[in-house]
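**Q**
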Amino acid sequence: MENALQARKQAAHPGLMMVSMLLGAFVGMFSETSLNIALPKLMTAFQVSTSTIQWLVTGYMLIIGIILPLSSIITKWFTTRQVIIFALIDFMVGACISALAHNFTILLIGRMIQGIGTGLILPLMFAVVMQIFPPKQIGAVLGMCALVIMFAPAIGPTLTGLILAKLSWQWIFWLFIPFLFIALIFAITSLENVGEITKPHVDVLSIIESAVGCSGLVISASLASEDGWTSPTVLSALIIGIIVLVFYTHRQLHLEEPILNLRIFKYPAFTIGSSIVMLDFGIILSTMYLLPLFYQRGLLVSVALTGLVMLPGGIINAATSAIAGRLYDSIGAKRPVLIGFVLALFGALMLAFTTPHSPIIYVVCAHVILMIGCPLAMSPAQTSALSTLSGFESGDGSTIMNTMQQVIGALATALATSCLAWGSSSISGSETVRFTNGFHYGIYFAIILIVVALFLSFKIKDRKN
């Protein structure tokens, strides 16, 4: 009984151990949304189109999505200290490369290097918590980790807007360095190794198939915004991506130790819940990508004010996420998910009726309603999906959802960019009028995702205790 109340791994200073990972996770998640505000300035600085600049967002998420499922294998080949220290140094190197970039290609390379660091830190942070804290403290510590992950992207656009009001875009990346340096000091001085080095077999072919397949889908969606869906290049990338992912899926289903245990999709409740979570994440990421662009290029709002008006939606998102998890315990998943997507649909429809002369407060209110609805649905849907799995399978389910969230987020952002370009070129008029029409097309895409998610929500079956 006494052993059951103790941590699996006795650490001298578990709180200090968490500092490096919490700071690293904060910077990683902050980085996921912070550049959205800066995209118009970066387009001007590097003379690139919307379809090109969005790779700073989609490329970052794509790399995270590729790295996440590999984290469990990496931690069996290398110690906790080695992985975390490498991840922090990797992120610092990527940030420096981006800050010093003299062309878009170098900036993108730096950005994707940062994605490697984030993809390593996020899953390892949660794994370490489960090892170094006693059961009675795990809930509180996981809550703190979740709060950091929710709060960072919420304030990302606002801080970036304030930075760009006074400083150049390079300072967005220089801002990361002090936090990462502090995290590195804590990692070197306080981090202890957790877990055993077993050096299992690494299926290299699965890794290659995953990277090629996901990249093919995202590249095709990105190129379609300029070349159109009938372009040979777009069709080739799309077909290659689909074929490779089919082979990847077949391989994972027949390997004894797959990188992603796709067999758990045999449970209908997990399939429905995880699909809702992925769609929800795509809705959030695509709208958070579109809104800063609309504020600056549709409503002609300054970059500093754009950051400030994005803050209410971000804070509401984080607050609702914290509350939504408790609703599952009291009323189940179905009602919160349904209510959430109805609210999200209402907020998205409000955005679809904006004009270049819409009051800022109207857009802010629509954003807030959307950011109440989406997180209200996400946490109960995620809990519902994972609760159908056994203890061993729940880890696989969590890995699959975390991985697919990043890949779907990258794909949704790329598709939203295609819709934006399509809508902007479909009418004549001033730049603000054309961009607003493109924004509407992007929101139509988000509305389609909401409607699909709402339909799936009716299939949720609450489990009786």
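According to the numbering used here, the stretch in the sequence shown is residues 4 to 468, in order. For each residue, glycine too, the CB sits at the ideal point set by N, CA and C. Since the structure is predicted, the reported quantities are computational estimates derived from the model, not experimental observations.
For the alpha helix (DSSP H) containing T236, list its first residue and its last residue.
**A** 235–257
**Q** Within 10 angstroms of its Cβ, does S218 collect 16 or more other Cβ (buried), or is it exposed?
**A** buried
**Q** If we ignore side chains and look at the alpha-carbon of each, how far apart do Y444 and W425 end up?
**A** 8 Å
**Q** Can you tell me the Cβ-Cβ gap for M374 and M281, rounded? I've got them flagged as a contact below 8 Å.
**A** With 8 Å as the limit, M374 and M281 do not qualify as a contact, their Cβ atoms being about 18 Å apart.
**Q** Mind checking F356: buried by the 16 CB within 10 Å criterion, or exposed?
**A** Around the beta carbon of F356, a 10 Å sphere encloses fewer than 16 other beta carbons of the protein chains shown; the residue is thus reported as exposed.
**Q** How far does the alpha helix (DSSP H) with S460 in it reach, from first residue to last?
**A** For S460, the enclosing alpha helix (DSSP H) has its first and last residue at 434–460.
**Q** In angstroms with no decimal places, state the Cα-to-Cα distance between F184 and M147.
**A** 21 Å
**Q** With DSSP as the reference, label V51 as helix, strand or coil.
**A** coil
**Q** Let's see if you can read the secondary structure: which residues bound the alpha helix (DSSP H) around F349?
**A** For F349, the enclosing alpha helix (DSSP H) has its first and last residue at 337–355.
**Q** Based on Cα-Cα distance, which residue from L110, I180, S34, T82 lies nearest to P160?
**A** S34
**Q** If you draw a straight line from the C-alpha of I70 to the C-alpha of V51, how long is it?
**A** 28 Å
**Q** Using the three-state DSSP reduction, which class does L194 fall into: helix, strand or coil?
**A** coil
**Q** How many angstroms separate the CA atom of I180 from the CA atom of L73?
**A** 26 Å
**Q** Whose CA, out of V249, A168, G276, lies closest to the CA of A469?
**A** Outside the shown range of the chain (4 to 468) lies residue 469, about which nothing can therefore be said.
**Q** Answer with buried or exposed for Q57, where buried requires no fewer than 16 other C-beta atoms within 10 angstroms of its C-beta.
**A** buried
**Q** Excluding sequence positions up to five away, which residues of its chain have a Cβ less than 6 Å from the Cβ of T82?
**A** N196.
**Q** So what's A384 in DSSP terms, helix, strand or just coil?
**A** helix
**Q** Could you tell me which of F442, I87, I334 sits nearest to I191, measuring between CA atoms?
**A** I87
**Q** Counting beta carbon pairs with one atom in the region 365–385 and one in the region 316–323, are three or more of them shorter than 8 Å?
**A** yes
**Q** Counting pairs of Cβ atoms below 8 Å between the region 382–394 and the region 40–47, do you hit three or more?
**A** no
**Q** If you check the beta carbons only, do A413 and V221 fall under 8 Å apart?
**A** yes
**Q** Could you tell me which of E229, S433, T309 sits nearest to L165, measuring between CA atoms?
**A** For the residues E229, S433, T309, the minimum Cα distance to L165 belongs to T309.
**Q** Let me confirm a value: F461 is counted as buried when at least 16 other C-beta atoms fall within 10 Å, else exposed. Which label applies?
**A** exposed
**Q** With DSSP run on the structure shown, which of helix, strand or coil describes N6?
**A** Caution is warranted here: a pLDDT of 49 is assigned to N6, below 50, making its placement in the model unreliable, and the coordinate value is therefore given only provisionally. Here N6 sits in helix by DSSP.
**Q** Using a 10 Å radius around the Cβ and a threshold of 16 neighbouring Cβ atoms, would you call R437 buried or exposed?
**A** Buried.
**Q** Closer than 7 Å by C-beta to L256: which residues in its own chain qualify, once you throw out the five before and the five after it? Chain order, please.
**A** Only residues of its own chain outside the window of five on either side were considered, and among them L265, R266 have a CB closer than 7 Å to the CB of L256, listed in chain order.
**Q** Taking the alpha helix (DSSP H) that R300 falls in, what are its first and last residues?
**A** 271–300
**Q** Over the uninterrupted alpha helix (DSSP H) stretch that includes W232, give me the two end residues.
**A** W232: not part of any alpha helix (DSSP H); DSSP gives it neither H nor E.
**Q** Is P271 a contact residue of the ligand PLP, with contact defined as CB to any heavy atom under 7 Å?
**A** Absence of the ligand PLP is noted for the structure shown, with no ligands found whatsoever.
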